[in-house]
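Written below as structure tokens is the structure these notes are about.
In our numbering, the protein residues as written are 2 to 273.
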């Protein structure tokens, strides 16, 4: 039986929609499935055939369906960094995005700052980690762990680069990376917005995006520049993925897209 793969070394495609590339597999028959075909079940995501034949289908009301390795690692690192910030205030100073320090050559701060959060309110880290937990697993399953990490870092750096050029002072937080996830899901789910699962994800995303875009208008001190940079980077990366034709070099091309955005962001910060 065709499992949806297009050949050794080639990209995986949905067994029901061979024109759609995917990295998601049915947890029962191991065939590849796209986001539209995926059905949440008590034991993971399954294809429509296996879901209908073996278990009651759980509608995909949430974009999240269990945690994934990269998402879990990022959450743990962020929480550990937050605890270190609470124990030693110097930790924040040493690793935050401080524009004058970045201009002086400490370009790596645009990366480390994405794992720090404001110690003035626990809401900052809770909201960002919740958004990561909500949207991250969906992207990681679709793109693969390596590409997800590359996308996350690329969006964080892009947000940091925009902040570096348009603002002055200091910033911490994963908001640039989180907005990158928003942008990625926005572009990725737009073609599926007429399906039940796609519509649920799209509505969920628009609600969170609207709340986050309104926050800088209501709460002073929020680095909206990082939000915009991350959002645009996430949209650009997934838009690039969607335009890569199936073929032997498709997997490599998909890995290169976020890697190029990441390197371009670091270069922009380095020369700032």
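Note that beta-carbon positions come from the ideal geometry of N, C-alpha and C, so glycine has one too.
Because the structure is a prediction, the values reported are computed rather than measured.
| Quick one: is residue 1 buried, meaning 16 or more other Cβ sit within 10 Å of its Cβ, or exposed? | Within the shown structure, residues of the chain are numbered from 2 to 273, placing residue 1 beyond reach of any answer.
| For residue 99: DSSP bridge partner residues | By 1-based counting over the chain shown, the position of residue 99 is 98. DSSP, once it has assigned bridges, lists 171 as partnering residue 99.
| task | Measure from the alpha carbon of residue 140 to the alpha carbon of each residue in 129, 131, 153 and 130, then state which is nearest. | result | The count along the chain shown starts at 1 and reaches residue 140 at position 139. The residue with the shortest Cα to Cα distance from residue 140 is 153.
| residue 229 burial status per 10 Å Cβ neighbour count (16 or more: buried) | Start at 1 with the first residue of the chain shown, and residue 229 comes out as number 228. So residue 229 ends up on the buried side.
| task | Mind listing, in chain order, the continuous beta strand (DSSP E) runs of no fewer than 3 residues lying wholly within the region 120 to 199? | result | Annotation: the region 120 to 199 contains no complete segment of the beta strand (DSSP E) (minimum length 3 residues).
| request: Could you have a look at residue 244 and say whether DSSP puts it in helix, strand or coil? | output: As a first step, residue 244 must be located in the chain shown, where it is residue number 243. Residue state, collapsed to three classes: coil.
| request: Could you pull the start and end residues of the alpha helix (DSSP H) that residue 271 belongs to? | output: As a position in the chain shown, residue 271 is number 270, starting the count at 1. DSSP places residue 271 in the uninterrupted alpha helix (DSSP H) bounded by 251 to 271.
| task | Could you check how far apart the C-beta atoms of residue 85 and residue 92 are, in whole angstroms? I think they sit under 8 Å. | result | As a working mapping, residue 85 is identified with position 84 in the chain shown. As a working mapping, residue 92 is identified with position 91 in the chain shown. Sure, about 5 Å apart at Cβ, within 8 Å.
| request: Run the CB neighbour count on residue 55, radius 10 Å, all protein chains shown included, and call it buried at 16 or more, exposed below. | output: Walking along the chain shown from the start, residue 55 turns up at place 54. Reliability fails at residue 55, whose pLDDT of 39 lies under 50, so the model's placement of it is uncertain and no value is given.
| task | Within 10 angstroms of the Cβ of residue 121, are there 16 or more other Cβ atoms? Answer buried if so, exposed if not. | result | Here residue 121 refers to the residue found at position 120 of the chain shown. Under this definition residue 121 is an exposed residue.
| query | Under a three-way DSSP split, which group does residue 23 fall into? | reply | Position 22 of the chain shown, counted from the first residue, corresponds to residue 23. DSSP places residue 23 in coil when its eight states are reduced to three.
| field | Candidates 203, 236 and 161: closest to residue 226 by CA position | value | Position 225 of the chain shown holds residue 226. The residue from 203, 236 and 161 with its alpha-carbon nearest to that of residue 226 is 161.
| query | Which term fits residue 98, buried or exposed, when burial requires 16 or more other beta carbons within 10 angstroms of its beta carbon? | reply | Here the question's residue 98 lines up with position 97 in the chain shown. Counting every other CB atom within 10 Å of its CB across the protein chains shown gives residue 98 a total of 16 or more, marking it as buried.
| request: Report yes or no: do three or more beta-carbon pairs, one from the region 101 to 117 and one from the region 133 to 147, lie closer than 8 Å? | output: Proximity of the region 101 to 117 to the region 133 to 147 falls short of the contact definition, fewer than three beta-carbon pairs being nearer than 8 Å.
| query | DSSP three-state call for residue 14: helix, strand or coil? | reply | As a first step, residue 14 must be located in the chain shown, where it is residue number 13. In the structure shown, residue 14 adopts extended strand secondary structure according to DSSP, grouped into three states.
| task | Could you tell me the distance, in whole angstroms, from the CA atom of residue 201 to the CA atom of residue 142? | result | Taking the chain shown and counting its residues from 1, the one referred to as residue 201 is at position 200. Taking the chain shown and counting its residues from 1, the one referred to as residue 142 is at position 141. Counting only the Cα atoms, residue 142 lies some 18 Å from residue 201.
| Nonlocal neighbours in the same chain, by C-beta distance under 6 Å from residue 76, ignoring five residues either side | Your numbering for residue 76 matches position 75 in the chain shown. For residue 76, where only same-chain residues beyond five positions count, the Cβ hits under 6 Å are 130.
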